[in-house]
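Participant: If you read the sequence shown in full-length UniProt numbering, its first letter stands for residue 1, the second for the next number, and so on. Quick reminder that beta carbons are idealized off the backbone N, C-alpha and C, glycines included. Remember, predicted model here, so these are calculated numbers, not experimental data.
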Amino acid sequence: MSELKILAAAACTFLISIPVAGHTATIDVLWTSGTDAYDASMQSVADRAATYDPDGDGALSWNLTFWDGTSDPGFENYDAFVIGSTCNSNGTGNCSGSAGFFGNGVYADGVLAYGDEIEAARGDDSRTFLSGQDADFHQFNNLPGVDNGPQGFIINAVNWAASGVGLGIVSMTADIPSSLGSDWWTLPDSFLADEIPVADVFAFNSETVNIGAGQENFPVNEGLTSAGLSNWSTSSHACFNEIAGFTRINFAPQGAGECGVTIVTSGAEGGDTGGGDSTTNPIPLPAGIWLMMGGLGLLGAQKRRAKA
Numbered sequence: 001m002s003e004l005k006i007l008a009a010a011a012c013t014f015l016i017s018i019p020v021a022g023h024t025a026t027i028d029v030l031w032t033s034g035t036d037a038y039d040a041s042m043q044s045v046a047d048r049a050a051t052y053d054p055d056g057d058g059a060l061s062w063n064l065t066f067w068d069g070t071s072d073p074g075f076e077n078y079d080a081f082v083i084g085s086t087c088n089s090n091g092t093g094n095c096s097g098s099a100g101f102f103g104n105g106v107y108a109d110g111v112l113a114y115g116d117e118i119e120a121a122r123g124d125d126s127r128t129f130l131s132g133q134d135a136d137f138h139q140f141n142n143l144p145g146v147d148n149g150p151q152g153f154i155i156n157a158v159n160w161a162a163s164g165v166g167l168g169i170v171s172m173t174a175d176i177p178s179s180l181g182s183d184w185w186t187l188p189d190s191f192l193a194d195e196i197p198v199a200d201v202f203a204f205n206s207e208t209v210n211i212g213a214g215q216e217n218f219p220v221n222e223g224l225t226s227a228g229l230s231n232w233s234t235s236s237h238a239c240f241n242e243i244a245g246f247t248r249i250n251f252a253p254q255g256a257g258e259c260g261v262t263i264v265t266s267g268a269e270g271g272d273t274g275g276g277d278s279t280t281n282p283i284p285l286p287a288g289i290w291l292m293m294g295g296l297g298l299l300g301a302q303k304r305r306a307k308a
């Protein structure tokens, strides 16, 4: 057997023997800023993301940046944009319910003001995650660090959104029982206005959120259960009717039927949460593979020169 064949066989053996780390990518996450305490709580979620791995298929690290809504942060440079629970600041509601936790809601205005820039960064194939659950509020307020609950819910959502093409969107409704809270979704100048009909999203307080049959297999629901998403001292504040272009990944009982609590972009609900499709931080090959490939190329060149 020639030296080249021996080395090639060794390379194959080496590649087969390499343990495949589930996900080794780092994603860039932009998050609407609140109070210092709120930001610190969300940073703790980002820190946990690097080791959060219920299914044993790897984790993602986050580079987390907070945005106060006052200038263009360069949305195209991020893999996911998280619009946290915020009170309505457009003049048609009050901010008393969440103001103590999330500031004065100013970033909701920023989301509206920079809608064109957000839409451009999303492109045509990005992933969108909209929920009637205010997981960030409960992570900050009464259920911090619960993986099968707010923390795991948030990490899965961000990892899933960031693993698509373009800027992924994660948005959660606000803890304001008397109104929808995130009604900026359907305002005329919202970048979601053409996707979320006003009549198909409504305030709906529920303590019960269920992951249906088959939905537990979605990577975006990794490690989560119906019990873990319920009993949050009001688990959900909004529901969605069936909306074209979106698929529910959990639901709440509504009379004799049910309504969607969390909806995601149709066709992507089974998509991975590995960051592999990230436009800014693709998963690198292990350094050993590059060295082996380079060695093969060098030896092959030497063989060709020897024959010349």
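Span of the alpha helix (DSSP H) holding residue 153?
Facilitator: It spans 150 to 162 - the alpha helix (DSSP H) in which residue 153 sits, taken as one unbroken run.
Participant: So, does the segment 144 to 164 touch the segment 200 to 208, judging by three or more C-beta pairs under 8 angstroms?
Facilitator: Cβ pair count under 8 angstroms is below three, so no.
Participant: Grouping DSSP H, G and I as helix and E and B as strand, with all else coil, what is residue 241?
Facilitator: Coil, per DSSP.
Participant: Can you tell me the Cβ-Cβ gap for residue 201 and residue 185, rounded? I've got them flagged as a contact below 8 angstroms.
Facilitator: Confirmed, about 6 angstroms.
Participant: Could you give the residue range of the alpha helix (DSSP H) that holds residue 257?
Facilitator: Unbroken run through residue 257 is the beta strand (DSSP E), 257 to 265; no alpha helix (DSSP H).
Participant: If you compare alpha carbons, which of 69, 144 and 129 is closest to residue 115?
Facilitator: Ranking 69, 144 and 129 by Cα distance to residue 115 puts 69 first.
Participant: For residue 129, which residues from the same chain have a beta carbon less than 6 angstroms from its beta carbon, with the 5 sequence-adjacent residues on both sides left out?
Facilitator: 157, 161, 170 and 264, listed in sequence order.
Participant: Per DSSP, what are the beta-bridge partners of residue 67 in this structure?
Facilitator: Per DSSP, 32.
Participant: Locate the alpha helix (DSSP H) running through residue 122, then write down its first and last residues.
Facilitator: Start and end: 115 to 122.
Participant: Apart from the five residues on each side of it in sequence, which residues of its chain come closer than 7 angstroms, Cβ to Cβ, to residue 190?
Facilitator: So the qualifying residues of the chain are 112, 115 and 184.
Participant: Give the DSSP-derived three-state secondary structure of residue 281 in the structure shown.
Facilitator: With a pLDDT of only 40 at residue 281, under the threshold of 50, the placement of this residue in the model should not be trusted; the figure read from the coordinates follows. Reduced to three states, the DSSP call for residue 281 is coil.
Participant: With a 10 Å radius around its C-beta and 16 neighbouring C-beta atoms as the bar for buried, classify residue 29 as buried or exposed.
Facilitator: Residue 29 should be labelled buried.
Participant: Spatial neighbours of residue 221 within its chain, please: CB distance less than 8 angstroms, with the 5 preceding and 5 following residues excluded, ordered by chain position.
Facilitator: Closer than 8 angstroms at Cβ, skipping near neighbours: 156, 211, 215, 249 and 250.
Participant: So, for residue 121: in the same chain, excluding its five sequence neighbours on each side, which residues have a beta-carbon less than 7 angstroms away from its beta-carbon?
Facilitator: For residue 121, where only same-chain residues beyond five positions count, the Cβ hits under 7 angstroms are 75, 76, 166 and 167.
Participant: Taking the beta carbon of residue 271 as the centre, do at least 16 other beta carbons fall within 10 Å, making it buried, or is it exposed?
Facilitator: Burial call: buried.
Participant: If you measure between the beta carbons of residue 32 and residue 159, is that distance less than 8 angstroms?
Facilitator: Result no, Cβ atoms of residue 32 and residue 159 do not sit closer than 8 angstroms.
Participant: Give the secondary structure of residue 219 by DSSP, where H, G and I count as helix, E and B as strand, and everything else as coil.
Facilitator: If DSSP states are grouped into helix, strand and coil, residue 219 belongs with the helices.
Participant: Would you check if the distance between the CB atom of residue 238 and the CB atom of residue 132 is smaller than 8 angstroms?
Facilitator: The answer is yes: Cβ separation under 8 angstroms.
Participant: Can you check which of these residues, 53, 57 and 110, is closest to residue 81 by C-alpha distance?
Facilitator: If we check each option's Cα against that of residue 81, 110 comes out closest.
Participant: Looking only at DSSP bridge pairs, what is residue 129 linked to?
Facilitator: Answer is 170 and 264.
Participant: Considering only residues of the same chain and omitting the five flanking positions on each side of residue 309, which have a CB-CB separation below 8 angstroms?
Facilitator: Any property of residue 309 remains undetermined from this structure, which presents the chain solely from 1 to 308.
Participant: So, helix, strand or coil for residue 231, using DSSP?
Facilitator: Coil.
Participant: Expressed to the nearest angstrom, what Euclidean distance is found between the alpha-carbon atoms of residue 267 and residue 125?
Facilitator: Each residue's Cα considered, the two are about 10 angstroms apart.
Participant: From residue 63 to residue 148, what distance separates their C-alpha atoms?
Facilitator: Rounded to whole angstroms, residue 63 to residue 148 spans 23 angstroms at the Cα level.
Participant: Considering just the uninterrupted stretch of the beta strand (DSSP E) at residue 135, what are its terminal residues?
Facilitator: Where residue 135 is concerned, there is no enclosing beta strand (DSSP E), although the alpha helix (DSSP H) it sits in stretches over 135 to 141.
Participant: How many Å lie between residue 27 and residue 42 at the Cα?
Facilitator: Answer to the nearest angstrom: the Cα atoms are 15 angstroms apart.
Participant: Classify residue 45 as helix, strand or coil using the three-state DSSP reduction.
Facilitator: Residue 45: helix per DSSP, three-state reduction.
Participant: Cβ of residue 154 within 8 angstroms of Cβ of residue 197?
Facilitator: No, Cβ-Cβ distance for residue 154 and residue 197 is not below 8 angstroms.
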